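Chemist: Residue 68 in the working numbering sits at position 68 of the sequence shown, and the numbers go up by one each step. Virtual Cβ for every residue (Gly too), placed ideally from N, Cα, C. Bear in mind that the values here come from a model prediction, so they are computed numbers and not experimental data. What follows is a single structure, and I will ask about it in a moment.
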Amino acid sequence: MDTLLASSPFGLAAICKLRRLSTGALAVVLGGDVVWSLVGLLVGQMLGAAVMSLHALQGPRLGLPQMILSRAQFGVFGAVVPLVLVCVMYIGFSASGTVLAGRQWLNY
Numbered sequence: 001m002d003t004l005l006a007s008s009p010f011g012l013a014a015i016c017k018l019r020r021l022s023t024g025a026l027a028v029v030l031g032g033d034v035v036w037s038l039v040g041l042l043v044g045q046m047l048g049a050a051v052m053s054l055h056a057l058q059g060p061r062l063g064l065p066q067m068i069l070s071r072a073q074f075g076v077f078g079a080v081v082p083l084v085l086v087c088v089m090y091i092g093f094s095a096s097g098t099v100l101a102g103r104q105w106l107n108y
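Here it is, written out as structure tokens:
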């Protein structure tokens, strides 16, 4: 990591995201055990990173861009399912960020 980015307050703000902290603490707030919540978060991160890294390896090895490869894997109509899931995910991220930002502004 760049030392200028890490030593500036903007670098710290880029690393410490309120949404990430609140999402990580959500398992404990909803009544989960701290240890098992951390284990679940760790396993989920590892599985997600493994799937994404295996999928990302295909592009350089085959010499094709990743978007073209995913279209070939899912087909023209099959690509609609990941598209809808990504749109729902982005709407959820936007809504949660808006709610957290609004609550933060109300507390000041």
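Between which two residues does the alpha helix (DSSP H) harbouring LEU69 extend?
Modeler: Looking at the DSSP string, the run of the alpha helix (DSSP H) that includes LEU69 is 66-74.
Chemist: What span of residues does the alpha helix (DSSP H) with LEU54 cover, start to end?
Modeler: 34-62 is the span of the alpha helix (DSSP H), which, as asked, contains LEU54.
Chemist: Are the Cβ atoms of SER37 and LEU100 separated by less than 8 Å?
Modeler: Against a cut-off of 8 Å, the Cβ pair of LEU100 and SER37 comes out as no contact.
Chemist: Tell me the DSSP secondary structure of ALA27 in three-state form.
Modeler: Reduced to three states, the DSSP call for ALA27 is helix.
Chemist: Cβ atoms of PHE74 and PRO113: under 8 Å apart, would you say?
Modeler: As displayed, the chain neither begins before 1 nor continues past 108, which places residue 113 out of reach and without an answer.
Chemist: Helix or strand or just coil, what does DSSP make of ALA101?
Modeler: Helix, per DSSP.
Chemist: Report yes if the C-beta distance between VAL28 and VAL34 is below 8 Å; otherwise report no.
Modeler: Yes, the pair counts as a contact, with Cβ atoms nearer than the cut-off.
Chemist: Under three-state DSSP, which class holds GLY92?
Modeler: DSSP places GLY92 in helix when its eight states are reduced to three.
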